[in-house]
Structures are given as structure tokens and as C-alpha cells.
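**Q** Here the protein sequences come in this chain order: A and B. Residues in the first sequence are numbered from 219 upward in steps of one, following our numbering. Residues in the second sequence are numbered from 27 upward in steps of one, following our numbering. For glycine and all other residues, C-beta sits at the position ideal for the given N, C-alpha and C.
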Amino acid sequence: MRATTHKSIRDLKRQWRQVAAVAVTIMLGVMVYIATAGAYQNLSASYQETYDRLAFADYVATGGDPADVATAATDAGASDAITRLQIDPPMLIEDTKLLGRVVGMPTDAHPAIDDVDVIDGDYFDDGATDQVLLETHAAETFDVGPGDTLQIFGLDGWETVTVQGVVDSPEYLWAARSRQDIMSDPHSFAVVYAPEDMAEQWFGEGPNQALALMPADASDDDGDAVEQAMRDAGATAITPWEDQASNATLSEDLDGFDEMSKAFPALFMIAAGVASWVLLARRIIQERPIIGTLMASGARRGRVLRHYLGQGIVIGAIGSVLGVALGMLANRAVTTAYTGFVGVPDTVIHNYPWMIAIGLAFGIVVGILGALGPAITASRTAPAAAMRAAGSSKPPGAWSRMVARLDWLPVSARMALRDIVRSRKRTFATMLGTVLALILVLASSGMMTSIVQAVNLQYTEINLEDATVAAQKGAGVDDALADVDGVSAVEPTTLGQVTIVADDDSYATLLHGYEPDTTMHGFRSQDGSFIDLPTDGVLIGQAVIDLLDVGVGDSITLSTDAGDTDVTIAGFLDEPIGTSVYTTNDAAATILPETSAEAYALSFDEGVNRDEMRQTITQLDGVVAYQDTRAIISTIDDYLGLFWAFIGIMILLGAILAFAVMYVTMAVNVVERTGELATLRAAGAPVRKVAGAIAVESLLATIIAIPLGLWLGAVAAQQFLNTFNNDLFQLDLMWSWWVLPAAALGVLAAALISQIPAARAVKKVDIATVVRERAA
Amino acid sequence: MTATTTTSLAAQMRDGYKDYGTGEMAVRALDGVSVDIARSEFTAIMGPSGSGKSTLLHTLAGLDRLTAGESSISDIVITTLSEAQVTEVRRNNIGFVFQSFNLIPSLTARENITLPIDIAGDKVDKEWFDEIIGILGLADRLTHLPAELSGGQQQRVAVARALVSRPEIIFADEPSGNLDSRSGAELLGFMRRAVKEFGQTIVMVTHDPTAASYADRILFLEDGKIVDEMRDPSAEKVLDRMKQMGH
Numbered sequence: 219m220r221a222t223t224h225k226s227i228r229d230l231k232r233q234w235r236q237v238a239a240v241a242v243t244i245m246l247g248v249m250v251y252i253a254t255a256g257a258y259q260n261l262s263a264s265y266q267e268t269y270d271r272l273a274f275a276d277y278v279a280t281g282g283d284p285a286d287v288a289t290a291a292t293d294a295g296a297s298d299a300i301t302r303l304q305i306d307p308p309m310l311i312e313d314t315k316l317l318g319r320v321v322g323m324p325t326d327a328h329p330a331i332d333d334v335d336v337i338d339g340d341y342f343d344d345g346a347t348d349q350v351l352l353e354t355h356a357a358e359t360f361d362v363g364p365g366d367t368l369q370i371f372g373l374d375g376w377e378t379v380t381v382q383g384v385v386d387s388p389e390y391l392w393a394a395r396s397r398q399d400i401m402s403d404p405h406s407f408a409v410v411y412a413p414e415d416m417a418e419q420w421f422g423e424g425p426n427q428a429l430a431l432m433p434a435d436a437s438d439d440d441g442d443a444v445e446q447a448m449r450d451a452g453a454t455a456i457t458p459w460e461d462q463a464s465n466a467t468l469s470e471d472l473d474g475f476d477e478m479s480k481a482f483p484a485l486f487m488i489a490a491g492v493a494s495w496v497l498l499a500r501r502i503i504q505e506r507p508i509i510g511t512l513m514a515s516g517a518r519r520g521r522v523l524r525h526y527l528g529q530g531i532v533i534g535a536i537g538s539v540l541g542v543a544l545g546m547l548a549n550r551a552v553t554t555a556y557t558g559f560v561g562v563p564d565t566v567i568h569n570y571p572w573m574i575a576i577g578l579a580f581g582i583v584v585g586i587l588g589a590l591g592p593a594i595t596a597s598r599t600a601p602a603a604a605m606r607a608a609g610s611s612k613p614p615g616a617w618s619r620m621v622a623r624l625d626w627l628p629v630s631a632r633m634a635l636r637d638i639v640r641s642r643k644r645t646f647a648t649m650l651g652t653v654l655a656l657i658l659v660l661a662s663s664g665m666m667t668s669i670v671q672a673v674n675l676q677y678t679e680i681n682l683e684d685a686t687v688a689a690q691k692g693a694g695v696d697d698a699l700a701d702v703d704g705v706s707a708v709e710p711t712t713l714g715q716v717t718i719v720a721d722d723d724s725y726a727t728l729l730h731g732y733e734p735d736t737t738m739h740g741f742r743s744q745d746g747s748f749i750d751l752p753t754d755g756v757l758i759g760q761a762v763i764d765l766l767d768v769g770v771g772d773s774i775t776l777s778t779d780a781g782d783t784d785v786t787i788a789g790f791l792d793e794p795i796g797t798s799v800y801t802t803n804d805a806a807a808t809i810l811p812e813t814s815a816e817a818y819a820l821s822f823d824e825g826v827n828r829d830e831m832r833q834t835i836t837q838l839d840g841v842v843a844y845q846d847t848r849a850i851i852s853t854i855d856d857y858l859g860l861f862w863a864f865i866g867i868m869i870l871l872g873a874i875l876a877f878a879v880m881y882v883t884m885a886v887n888v889v890e891r892t893g894e895l896a897t898l899r900a901a902g903a904p905v906r907k908v909a910g911a912i913a914v915e916s917l918l919a920t921i922i923a924i925p926l927g928l929w930l931g932a933v934a935a936q937q938f939l940n941t942f943n944n945d946l947f948q949l950d951l952m953w954s955w956w957v958l959p960a961a962a963l964g965v966l967a968a969a970l971i972s973q974i975p976a977a978r979a980v981k982k983v984d985i986a987t988v989v990r991e992r993a994a
Numbered sequence: 027m028t029a030t031t032t033t034s035l036a037a038q039m040r041d042g043y044k045d046y047g048t049g050e051m052a053v054r055a056l057d058g059v060s061v062d063i064a065r066s067e068f069t070a071i072m073g074p075s076g077s078g079k080s081t082l083l084h085t086l087a088g089l090d091r092l093t094a095g096e097s098s099i100s101d102i103v104i105t106t107l108s109e110a111q112v113t114e115v116r117r118n119n120i121g122f123v124f125q126s127f128n129l130i131p132s133l134t135a136r137e138n139i140t141l142p143i144d145i146a147g148d149k150v151d152k153e154w155f156d157e158i159i160g161i162l163g164l165a166d167r168l169t170h171l172p173a174e175l176s177g178g179q180q181q182r183v184a185v186a187r188a189l190v191s192r193p194e195i196i197f198a199d200e201p202s203g204n205l206d207s208r209s210g211a212e213l214l215g216f217m218r219r220a221v222k223e224f225g226q227t228i229v230m231v232t233h234d235p236t237a238a239s240y241a242d243r244i245l246f247l248e249d250g251k252i253v254d255e256m257r258d259p260s261a262e263k264v265l266d267r268m269k270q271m272g273h
């Protein structure tokens, strides 16, 4: 082995702690990349596996004659098309009344499209009339399984049916009634698959949906052709698979993984690159005479360049190999945990070779980039440098001279203030570590706190009702509801599916009707103020501005089974969750088809027992469905456990990142100044004082960087949130008051902890060894 | 490599000028120096601080370039060569001994000694290596790191490193400057032996009249010019001469 190779290996071993800190930072970056990019790929593949296996519909159309629409789809190139009935009737499951969903299915065979996976019990017996299959989320919520019964409200009243099996469905991996209703009280929604003939008999309707499945190799153009054919055959609303409520909701998470797989590793890689740069740059300054000696002895510049680049490559390779290994484990863990949490029937776990190659390359490239600047500097060293002493002998600048005059300050404080500008690269690295750590922590915590705040805003200032009730029309339920102890207000409301049509674009959503002076809903305008519900025209969620290219005053068409109604847009609303249409009950009644049910919004007195309210109200005659709006918040609170775990991991990673960068800069600081520190120690300065001076310098750099880090962290968090914004979510960056101070304190704590090994290093300074090494 | 045959001298300089800076800030470090360094001779360069000693050493050794004039190592005129070519000349023809030793802390004494050969990609001449090590008394120190050696031992390692590749010429910059008088005397004795026994050519910059007295010849520099030369010096004669220069 060549002497310079020996030198590289031993240099890295001598600085193993700093090398380890840089390698760990690279490792974390690569690990996060492999874990998040892998999870993105695996989750996509897992969904796709389920979709393929269960023939998830590419298009679901309503309107027109579904049989004609299905025929048109197959004629236009769809590999298969079916029709079915889907209807949302009241249900009674385990004493809970709710507005469920019945989907018709053949009993003699599984459906060709949107099949289900029976996970408990059996599929229908051929010709069954009183059997249903219950979607797994409802089965879990109500603890209902095969053999249990439930009731469905049809034209002839309550129909009692028996659960034949519990099923997974590609349409309800995320159990959402619609894109506007992706987060709801789990007790308020259940999907029941019923024999098609029976369903049609219960509700007195024929099939109202046409489902089309495209060939595996179909192009976008093929899809467009089928969609157009279905539309030409009379379909008024067509939902492609991408926009299907469950898929669209889960895609949001997938996109999150995709964004994370790029943004978060980048932060670690920048930090690692800078730490590596500081480490090697400082050593090269120290080794100038040695480099000069090498060059005086005939070493070419390229060799010196390769010598130091090689050290960066070794650090990068160590970090990336470990990162890939841990990333592969993390990829498996994240994918398995996520598919288990969501309940995806198929879990595909691959460690993609290209991803591993990118992960390895990332680490090595970061090692190279971190070493490149110092290596170039080294290769440009004049051979005559061998004749000069190491270190800079630049005269003190204005700052140092000014600090020197502050003789009222203790010497250690003056040292710290002077050293801030003594090594700008080191100070810059400390500041960068602070900034990157804050970006990482704030981007993740900002996303989470914004979601929490958005939910709070949605359910405390916008959705003001405590519960909604569906009741049989004309049953006098409103009076009965008002008489219930604990109910403070009752208002009639209206709810129905509409398709907004503007020129050639359309968007399927919910139409909500309220009383003009409603106290059940706050209408939050785009400037954040609350406005009244107009009696003329409709209010719409602001996402349609881009979706349909419409503005205030424009006329749009609301299409329903009752026909088309032209309305004017009176204003846009800034609501965090969903994109709905709002109008008065009177106007809604003219737009929506006649139904046998009516709806009410309720508000409760402060402090009522909500379980008792549910119990009391659902037992009232005429009440067919009940939804506790606040239960949504507890559902979200359940998920928040995951959110906070995620934030916790990110804060931990951010702290490690900050610690690693600061540790390297601190260690370099100590190494650079061993002569000075040894002199101070020899002169009798206690370790505490010497280490304190270094700590003050580091903390000073950290404190200076905190405002910039907080600002950039906020910008990054907003950018990160923007990637999630669409018609399902409109998230603005919102912090709790404590987030920014906590993040700043967290980084300061990491900086403080990083002083511990530095203080130890100061303590270990061996004056005699330093003198001998300096001589060498 | 372009090589112009000049003389059989180990090194020489003709009308060497070296300026640092430009315009009014320019400082002339060498002012028309012409000098011949004969083979197998121990030459010392002396002069007051700022006289141009180090600049003369650097430009002779190809560590720095002349502003004007010509210098050569052996038969090779280095002032016209590219940097890569000068590097090759240094690798094949020159050894260095530095005041602060410049040993690589992470390499053992043996690895430090064989470093120039390693850089050149050549094989170590074991017989020659053992002879040098024997003379310098380093046989039992070869596996030690520099921090585990005394100052005198470190500088002996540095001398061994300069000798190991049998260079045409060794340039030494205050080699005994960081050593106590006994270690310094030992070191200079070794260097003297290398000249007498192996025919090594050595050029040494020093402030120390005693160190200079080990040389065959002393060049005195003042204001970038060679102002005197002394053969067969003694410490007293050198001291007297330096006093005349106001040193």
C-alpha cells in the first residue's frame, strides 16, 4: 500500500469521531432517502397490486343510461364494463343509525370490476337475497362479523340482512364517502355490498353507475377516448381512478413520501457535505507544510487532489453503505407499518437496485463534493509552503481589534467574540448546521401543526354544528330534536351530490344547503373574514378557481339526477378541508332531486355527554342517521399519534443533524487550537474556562443563525405544504405559539450537548504531545 | 522534457531576479544573482533576515520561479519548464530537509523516509536504505510515529528521507534551527558525512555560524545579492564576517 494511502487511512482513524459524525449524517440522508423513496415505490406498487388483483375501475360514470354508457366504453376500447346500483341509505348497525352505502353485486360470481377480497366469512351464496358483505372498516368500527345482522332503510322500511363476509375493497382502502368527505366520524359511514337484484328491489331503482376497466397497456389517449365515449353516451359525471376518493386521499400521502424522499435527504446531504468540507478544509490548512513537502518531493497536483478527494470518498462510502443497509430495513418497516395501518390488502416490498445505486452514489458524491473544495485548495498549495509554518498569520481584522479593546469583558468572552470571525468557514458551518436543522424540524412540524390547526379551524369555526341528523321526511323530527335535553339549536340543512360544469370542465362535489342566517356553518372568505350565506348565488371552495377556471360572478351549471341548474358564483371560500358548494336550503331544494329524507344540524349545550346524545337522538322516531361532527376530531386525534411520532422522529433527526455538524465544527475548533489551548492549560486556566470560551463561540454562532433558520424553516414548511394543496386540502402554514421557540431551544440544546465532547477533548489535551506533534 | 546542457554543476543560477508584488509595492528579493553549486560540495547560504536566502534556496530548488534569469539542476534548465516538468525534476533530482522537519504525523518513521520513493513509484534500494538508517542511528525507531521521536530523531528521519532516493542535490532550510546544540551538531555531522562519504551535494540556508562551519563553502547574501564567499570556514571566521554585515 502506498504511503499516501496509509496516511489517508490513519488520518481518518485519528479523526474517527469527526469522520463518524460526517458519516452518520450521510448515513441518515441515504437512509431517509431509501426509506421514503422505497416506501413511495412500495406503497404505489402495493396499491397497484391490489388494484390490479381486484380490477379497480378506471372510470366510474353516472348519468344517462348506465347500460348504454357501459356498452359505449367497451366499444371505445375498455377491456370490460359493468353497471351497478350504488345508493346511500340510512342503516342501523349495532344500535347506531348512520347514512351508509349500498353497492350492488352479482351473487353468482365476483364482479368483473371493483371486486372485493373476502377476508372473513364467505362471498354470497348464489341467488342470496338477505346476505350482504360488509366493508372491513365498518366491520372493525362496529365489531360486526359474519353471522351478525344489520338493517338497511329501503322503500319498504328497514330491511334486515345478515353479514355473509367481511371484505377489503379497492374503492375503500381509505373509507371515504366522497372526495369532500374524506375525514368523518367512522360511526357515520359503512359500505355494504348487497345482491344487485335485492338492492334494486329495496330502493326501487335500477343500476345508476357504469364502471369501465381499461386494458393494462392502454395509453392516455385510449383512456381519453373511452371517457369521451362514455360522456357521449350520456354520462354526466365521470370519475377517473386517480380522482376516486380513497385513491386520491392515499395519493396525498404517497406524494408526501415522494416529497420527503427528495427534500429531507437533501438537507442531510448538504449538512454532511459542509461538515466534511469543514473537516478537510481545516486539516488541509494544518497540513500545508506537509502538502508542500509532498509537492516539493515531486508529488503532482493531481495526486494531492486525489489524496484528499479519496478521504471524502471513503467517508461518503462508509455513510452511504450504512445508510443503504439501514434504509433497506427502514423501507421494509415503513411500508409494512403503513400498509398495515391503512389496511392495504397487498404489501409489496422491494429494495429497488436503482434506488440503492442512487443512495450509494448520493453518499459518495456528497463525500466528493465536501472534499472537492479543500482538495483543490490542497492541490494548489505552493511547494514552498513546506518551508513555512502551518496556520494563518493574517493580522487581526477590525472586529478582532474592536473586541480586544473591550477590556471590561472577561478574557474568555473576548476570546469567544474574536473567534467568531477568526475562522469564518467554521462559524459558517455551525450556522449552516443550525439553519438546516431548523429547516428539517420546522418543515415537518409546520406541516403537522398546520394540519392540526386546519382541522381545528374546520371543526370549530367553519363546521359549527355538533351533529347532523338524517330523518324521514315529515316525521316531525325537528321538534323532537329541539326537545332533547342538551340540544341548544336545531336547523334544517340540505345535502346532495352535484357536478359543477363550467364550459368543458366539470367537478363532482357536495352541495350543502343552510338557512340564510345559519349558526351551523361559518363561511370563511378568502381574506379570512366570515361572510353571510347569500340568498342569490352560491359560495364555492376556492380550489375550483383553478380547477374550472371560474371567477366571482361567473355562471356555472350544477348537474344532478334532477337535471341541470344554472347558478351564479357569489364568492369563494377558504376552507381547509374539501371543496363544496353552499347555498340556502330553498335554493338547494330546487337544485337537488326530491328525496324521502331530510337533514338537520344540531348544536349542543356545553359539556353534554356526547355518547348519551348519540344514544338518545338515534332512538327518536324518524331519525335514520346520526353523525357526531366532533367525533371526527377524535378520529383525527387517533391519527395524530402517528403525526406526532413522525414529528418526533424528524426532531430527533434534526437534532442529530445539528449535533453532527456542530460536533465536527467544535472538534475542528479544538484541534485547530490545541497549541493555544495547551498554552492556556499550561498557564493554569481551568478546563471549564477554556471549554467555556469555545462553547460561547459555538453558541454565539448558533444564536446568530437561529433567526435565519426560523425564517427559512417557515419558508420550507410553506413550500412543503403547498405540495399537498389541492381540492381536498388547502393548508396554510399555522404554528402554535410554542413551535418556533421550541425549535430554537431544541437547536440550542443540540449545540449545548455538542459541547460535551468538545470539553472532554479540551480536558484531554496533552501539552507535551501537542508540542511534539507541532514540531513534527 | 526540454533540457539544455549547461555545465556538470549540481545546480546553478544566472542573473537571477525575483520580485514579489508589483508597482510601488514591489520588493526585489533576488537582484541579479549568479551562482554555481558544485557537485559533492556542502554549500551554506548565510545573510541577515530579508537578504534573500530562502528565496535563493526556493528558486534554485524549483519551489518558486525566477522573475528573470535562469537556473538549472544538474544539466536541466528548470526556468523554461512547465510546472509538471519542474515537479518531475524535483522528484528525480532533489531532496529537502526543513527546519520544522515536516514529517507526516500519521506515517511511521520508515514510511516517512520512503515517501519520496513511494511518490516516484520506485522500489526502495534496501541496501542503501539500511546504510542510511545505520549511519543515522534510526534502526530501532523505524516503526515509531513522529510524535514518539525526539526532535533530533525527527530531523534525522527527515535527513534520511532526503537521502533515500539518492538525489542530485539536497536543499536544507535551517535544518538544525529547531534542535538543541548537541542534536544539531549530530545532524550536521551526518550531513557532512553524506557529502564526504557518498558525494552528496547539499545546499543549506542557516543563520548559525557554527552550523555554517560544517560547510565547504559559504555564500553571503545581502539585499538579494551575493556579496561574499568563504571557503573552509570556521565558526569564528563566519561570525566575524557576519558582524561585518551588521548581522
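So, with DSSP's three-state summary, where would you put residue 335/A?
**A** Note: residue 335/A maps to strand in three-state DSSP.
**Q** Where does residue 495/A land, buried or exposed, given buried means 16+ other C-beta within 10 angstroms?
**A** Classification of residue 495/A: buried, given that the 10 Å Cβ count is 16 or more.
**Q** Verify the CB distance criterion: does residue 32/B have a CB-CB separation below 8 Å to chain A?
**A** Confidence at residue 32/B is low in this model, with a pLDDT of 41, below 50, so its placement is unreliable and no value can be given for it.
**Q** Could you work out which residue in 244/A, 816/A, 797/A is closest to residue 874/A when comparing CA atoms only?
**A** For the residues 244/A, 816/A, 797/A, the minimum Cα distance to residue 874/A belongs to 244/A.
**Q** Identify every run of the beta strand (DSSP E) within the region 638 to 670 of chain A, keeping only runs that are complete inside it and at least 3 residues long; order them along the chain.
**A** Runs found: none.
**Q** Can residue 429/A and residue 278/A be called in contact, C-beta distance under 8 Å?
**A** Yes, these two residues count as a Cβ contact at 8 Å.
**Q** Measuring CB atoms only, is the region 70 to 85 of chain B touching the region 237 to 253 of chain B, in the sense that at least three cross pairs come out at less than 8 Å?
**A** Output reads yes: the region 237 to 253 of chain B touches the region 70 to 85 of chain B.
**Q** So residue 240/A and residue 533/A are supposed to be a Cβ contact under 8 Å. How far apart are they, rounded?
**A** Contact flag correct, Cβ pair sits at about 5 Å.
**Q** For residue 254/B, collect the residues of the same chain with a Cβ closer than 6 Å to its Cβ; drop the 5 residues on either side in sequence, then sort them by chain order.
**A** The residues are 246.
**Q** Whole angstroms is fine: what's the gap from residue 917/A's alpha carbon to residue 633/A's?
**A** Their Cα atoms are separated by approximately 13 Å.
**Q** Return the Cβ separation of residue 234/B and residue 202/B in integer angstroms, given the expectation that the two are a contact with Cβ distance under 8 Å.
**A** Going by Cβ atoms, the distance from residue 234/B to residue 202/B rounds to 7 Å, so yes, they are a contact pair.
**Q** I want to verify the contact list: residues of chain A whose CB lies under 8 Å from the CB of residue 198/B, in sequence order.
**A** Going along chain A, no residue has its Cβ under 8 Å from residue 198/B, so there is no contact; the nearest lies around 11 Å.
**Q** Going along chain B in order, which residues have a C-beta closer than 8 Å to the C-beta of residue 553/A?
**A** In chain order: nothing, as chain B lies at least about 44 Å away.
**Q** Would you identify the three-state DSSP class for residue 478/A, choosing helix, strand or coil?
**A** Of the three classes helix, strand and coil, the one that applies to residue 478/A here is helix, per DSSP.
**Q** Any idea which residues DSSP pairs residue 814/A with across the strands?
**A** Note: residue 814/A sits in no beta bridge, so no partner.
**Q** Just how far apart, CA to CA, sit residue 740/A and residue 751/A?
**A** Each residue's Cα considered, the two are about 9 Å apart.
**Q** Against residue 137/B, what residues of chain A qualify as contacts under a CB-to-CB distance less than 7 Å, listed in chain order?
**A** Neighbours of residue 137/B on chain A, chain order: 221, 224.
**Q** On the CB-based measure, 16 or more other CB atoms within 10 Å of its CB, does residue 249/A come out buried or exposed?
**A** Buried, by the Cβ-count rule.
**Q** Quick one, which residues of the region 212 to 226 of chain B are near chain A if we go by CB-CB under 7 Å, in chain order?
**A** Answer in chain order: no residues at all.
**Q** Does residue 250/B have its Cβ less than 8 Å from a Cβ in chain A?
**A** Answer no: the Cβ-Cβ gap between residue 250/B and chain A never drops below 8 Å.
**Q** Does the beta-carbon distance from residue 621/A to residue 574/A come in below 8 Å?
**A** Against a cut-off of 8 Å, the Cβ pair of residue 574/A and residue 621/A comes out as no contact.
**Q** What does residue 146/B touch in chain A if you count any residue whose Cβ is under 7 Å from its own?
**A** Residues of chain A passing the Cβ test: 516.
**Q** Would residue 47/B be called buried (16 or more neighbouring beta carbons within 10 Å of its own) or exposed?
**A** By the neighbour-count rule (16 or more Cβ atoms within 10 Å), residue 47/B is not buried but exposed.
**Q** To the nearest angstrom, how far is it from the Cα of residue 138/B to the Cα of residue 236/B?
**A** For residue 138/B and residue 236/B, the distance between alpha carbons rounds to 28 Å.
**Q** Along the chain, where does the beta strand (DSSP E) that runs through residue 956/A open and close?
**A** No beta strand (DSSP E) contains residue 956/A, which DSSP labels as neither H nor E.
**Q** Where do the ends of the beta strand (DSSP E) carrying residue 350/A lie?
**A** Counting along the chain, the beta strand (DSSP E) containing residue 350/A begins and ends at 349 to 353.
**Q** What does the alpha-carbon distance come out to for the pair residue 133/B and residue 220/A?
**A** If you take the alpha carbons of residue 133/B and residue 220/A, they lie about 11 Å apart.
**Q** May I ask which residues mark the beginning and end of the alpha helix (DSSP H) holding residue 224/B?
**A** Unbroken alpha helix (DSSP H) run through residue 224/B: 207 to 224.
**Q** The region 70 to 102 of chain B: which residues have C-beta closer than 7 Å to a C-beta of chain C, in chain order?
**A** Absent here is chain C; the protein component of the structure consists of chains A and B.
**Q** Would you please state the rounded distance, in angstroms, between the beta carbons of residue 289/A and residue 425/A? I believe it to be under 8 Å.
**A** Incorrect: roughly 13 Å between the Cβ atoms, too far for contact.
**Q** So, does the CB of residue 990/A fall closer than 8 Å to a CB anywhere in chain B?
**A** Because the pLDDT of residue 990/A is 46, which lies under 50, any placement of that residue in the model is unreliable, and the number read from its coordinates should be weighed accordingly. Judged by the 8 Å Cβ criterion, residue 990/A is in contact with chain B.
**Q** In this structure, what does DSSP give as the bridge partners for residue 427/A?
**A** The partner list for residue 427/A (beta bridge, DSSP) reads 280/A, 302/A.
**Q** Using the DSSP secondary-structure output, state which residues sit across from residue 681/A in a beta bridge.
**A** For residue 681/A, which the question treats as bridged, DSSP gives the partners 739/A.
**Q** Could you check the C-alpha separation between residue 83/B and residue 229/B for me, to the nearest Å?
**A** Cα to Cα, the separation comes out at about 8 Å.
**Q** If you compare alpha carbons, which of 586/A, 737/A, 681/A, 824/A is closest to residue 402/A?
**A** For residue 402/A, the nearest C-alpha among the options comes from 681/A.
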